[in-house]
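Remarks on the structure that follows.
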Amino acid sequence: MDNYIKNLLDFFYDFSSFLENENYISAIDKNQISIDYSSNNKQGDLATNFLLIIKRKIIKKNFDIEKELNKRIKSIEFIDRILISKNGFINFFLKNDFVFKKLNEIYNKDFLKYINYGDGKKINVEFVSANPTGPLHIAHIRGAVFGDVLSSLYSKTGYNVFREYYVNDSGSQIDKLSNSLFKRYLQLFGEKIELTEDEYPGQYLIDIAKKIKNQDHDKWLNSKEEETIKYFKNFALENIILEIKSDLEKINIKFDKFTYESDIEKSNIIDELFKILDKKDLLYNGVLEKPKGDDSDWEPREQLLFKSSNLLDNEDRALKKLNGEWTYFANDAAYHFDKCKRSFDRLVNIWGSDHIGYIPRMYSIIKAIKNDETYLKILTCQIVSLIQNKQKIKMSKRLGNFVTLADVYSKVGKDPIRYYMISTKNETAIDFDLDAVIEKNKENKVFYCQYAYARASSIINKANELNINFDDYNNYNNKEIISDEEMKIIKKLISYPYLLYQSSYYNEPHRLTNYLEEVCSDFHSIWNKGKDNESLRFIDEKNIKKTISKIFWIESFRIVLKDIFLIIGINAPEKM
RNA sequence: GCGCCCGUAGCUCAGUGGAUAGAGCAACCGCCUUCUAAGCGGUAGGUCAAAUGUUCGAAUCAUUUCGGGCGCGCCA
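For the first sequence, the residue numbers in my numbering are 19 to 594.
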């Protein structure tokens, strides 16, 4: 949190303690006191609800709280004056000198010291983790971008971030994948063999089969079955994972580690975890209740269960399949145990909304291991529906009609994808109208913000050409040469560190794009005022003093924009 | 049936205890002899799904109802 906001909060904590100690008011919940940037800056720069909180708690009515407040507030050096509104808000006006001092911190990129809220802690962010049974499609992009931007945001706010992808390269889905690939290979040799309904029909497996044919020719037509299956499985996985990595790189996403489920299975980490669970009396052999929904082929069977209902889940969960293999959950639990052991201070998972039902059991595992309910945080992304020809497209892997990341990338490019995917709150389901994004750039606000950056850059370049030197800036009295509109944008710029803090704290990167659009709108507006009125232009060669004070905030504006662009992973073009 | 998410302008979405509910797109009217018009200014557009409650104050919290989405076996 930026220090002056904290100072102000502390002031009101102290003030309320004073009022309580003197029995002017009864005890209040201090957490209810808030300091916010005002939505309407005519009423002030910051506001607090303090008086509203204590309103009902007043004991001694003859004590003039406002008078006492006015007296004490003078001790805060950055407050120019306060204004108490009719409805009870206390509005603060910042001193101009202070505002320019904070702007100077932005200009000197000296603001990060206020937002070191991660304090160097190690945080592991697991995201995407799409099954390697096919290329990434539109639904995966959201989680990918969200996880990546959130990670950058954590870095920015002082965390030591580790990006990780969990590859489910094991289990029956992978067997189906290699079977599908083998059938495609056989088809290339004219064999009349069809995929079953639950196998993978996408074109990508035909392409991979062709690769095998080109490389090995008919080698696998008559080989030993066991060897063949193994070969096709590895070949499919290797190729698909490579493609996934390359797709992610297209939109600038890189991981520090890919962890493979098959490696977890091979290690003894599952046994290790189970010893712990057993010691805590959380394992037993039992029969699960009959499921709701479709239960046509269900029959009661005894199996190894995790007593998650004792922890944070509403029922117990299976760990072992009837055929003796571990369930997906057992492996994933072991994987999380492994992450716990790798000395991270926090774990964050980004999951698709289709895994929401799975959250309580994973929290239960972490609680069993760490006895800490905050160690792991699972965030979910709601689905992205694709709109084409004004209609929602139902995507299905089985039908093979999903739109891939590569498709979307080739049509709109990296920046619009990233910007769009991050500008909506992760828990809102979104409709992605591909036609609109392709046809009209305007539909995507990324260009609006980048254009503001390009315009600002052109000013700076021109100033450089004119050899205008910013060093004297702090000697000037800027009040007289900065307009109200410019003051407004400057005040928004100095709130940037607080924005970073809040976005990181609430895990909400979309706050960044909201802020961007606001500040860019202000900038475009000021720019156009200079078109109508020459005296409002940024560069005036006859008045270098005025020019420098304008350029100073424009450069600060660029610094903030570039900083945000970097976090959300888009380009900062100096020309458009 | 149960769990989670959502319902805000014609469309896509912000706002999630605070002041007169916002933006973009679409519509309409203006602004390029100009530091970049991918821009700006203006007009129009709202029962914040509904009801009740909590509160000094509710789009925001609680309860209920309606509507939509995603889940709910030993799949992954």
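Just so you know, even glycine gets a beta-carbon here, dropped at the ideal spot from N, CA and C.
Can you look up residue i in the DSSP assignment and give me helix, strand or coil?
{"i": "residue 406", "result": "strand"}
{"i": "residue 109", "result": "strand"}
{"i": "residue 217", "result": "coil"}
{"i": "residue 393", "result": "coil"}
{"i": "residue 447", "result": "coil"}
{"i": "residue 362", "result": "coil"}
{"i": "residue 98", "result": "strand"}
{"i": "residue 140", "result": "strand"}
{"i": "residue 570", "result": "helix"}
{"i": "residue 227", "result": "helix"}
{"i": "residue 181", "result": "strand"}
{"i": "residue 164", "result": "helix"}
{"i": "residue 235", "result": "coil"}
{"i": "residue 565", "result": "helix"}
{"i": "residue 271", "result": "coil"}
{"i": "residue 54", "result": "strand"}
{"i": "residue 424", "result": "helix"}
{"i": "residue 435", "result": "helix"}
{"i": "residue 246", "result": "helix"}
{"i": "residue 31", "result": "helix"}
{"i": "residue 276", "result": "strand"}
{"i": "residue 588", "result": "coil"}
{"i": "residue 64", "result": "strand"}
{"i": "residue 46", "result": "coil"}
{"i": "residue 192", "result": "helix"}
{"i": "residue 401", "result": "coil"}
{"i": "residue 387", "result": "helix"}
If you check the beta carbons only, do residue i and residue j fall under 8 Å apart?
{"i": "residue 488", "j": "residue 569", "result": "yes"}
{"i": "residue 79", "j": "residue 44", "result": "no"}
{"i": "residue 198", "j": "residue 218", "result": "yes"}
{"i": "residue 227", "j": "residue 255", "result": "no"}
{"i": "residue 376", "j": "residue 277", "result": "no"}
{"i": "residue 530", "j": "residue 582", "result": "yes"}
{"i": "residue 195", "j": "residue 151", "result": "yes"}
{"i": "residue 532", "j": "residue 397", "result": "no"}
{"i": "residue 357", "j": "residue 142", "result": "yes"}
{"i": "residue 53", "j": "residue 518", "result": "no"}
{"i": "residue 452", "j": "residue 383", "result": "no"}
{"i": "residue 129", "j": "residue 87", "result": "no"}
{"i": "residue 474", "j": "residue 575", "result": "yes"}
{"i": "residue 172", "j": "residue 136", "result": "yes"}
{"i": "residue 186", "j": "residue 279", "result": "yes"}
{"i": "residue 273", "j": "residue 182", "result": "yes"}
Here's a check: name, in chain order, each residue in its chain whose Cβ is nearer than 6 Å to the Cβ of residue i, leaving out the five neighbours to either side.
{"i": "residue 163", "result": "436, 439, 440"}
{"i": "residue 200", "result": "250"}
{"i": "residue 423", "result": "154, 159, 265"}
{"i": "residue 443", "result": "528"}
{"i": "residue 429", "result": "456"}
{"i": "residue 540", "result": "507"}
{"i": "residue 145", "result": "161, 165, 368"}
{"i": "residue 534", "result": "467, 582"}
Is residue i buried or exposed, if buried means 16 or more other CB atoms sit within 10 Å of its CB?
{"i": "residue 77", "result": "exposed"}
{"i": "residue 316", "result": "exposed"}
{"i": "residue 35", "result": "exposed"}
{"i": "residue 109", "result": "buried"}
{"i": "residue 62", "result": "buried"}
{"i": "residue 594", "result": "exposed"}
{"i": "residue 564", "result": "buried"}
{"i": "residue 168", "result": "buried"}
{"i": "residue 523", "result": "exposed"}
{"i": "residue 26", "result": "buried"}
{"i": "residue 157", "result": "buried"}
{"i": "residue 305", "result": "exposed"}
{"i": "residue 309", "result": "exposed"}
{"i": "residue 446", "result": "exposed"}
{"i": "residue 318", "result": "exposed"}
{"i": "residue 37", "result": "buried"}
Enumerate in chain order the residues of its own chain whose CB-to-CB distance from residue i is below 8 Å, with the five nearest sequence positions on each side excluded.
{"i": "residue 588", "result": "432, 433, 436, 437, 464, 468"}
{"i": "residue 301", "result": "292, 295, 322, 323, 324, 325, 337"}
{"i": "residue 56", "result": "62, 63, 64, 65, 109"}
{"i": "residue 94", "result": "25, 26, 29"}
Starting from the C-beta of residue i, find all residues in its chain whose C-beta is less than 7 Å away, skip the five residues before and the five after it, and write them out in chain order.
{"i": "residue 91", "result": "97, 100"}
{"i": "residue 30", "result": "51, 66, 68"}
Note to self: Give the list of continuous alpha helix (DSSP H) stretches no shorter than 4 residues that lie fully inside the segment 293-369.
What the structure shows: Whole alpha helix (DSSP H) segments, 4+ residues: 346-359.
Next item on the list: Please go through the segment 468-533 and give each complete alpha helix (DSSP H) segment of 4 or more residues, from N-terminal end onward.
Entry: Here the runs fully enclosed are 502-512, 514-523.
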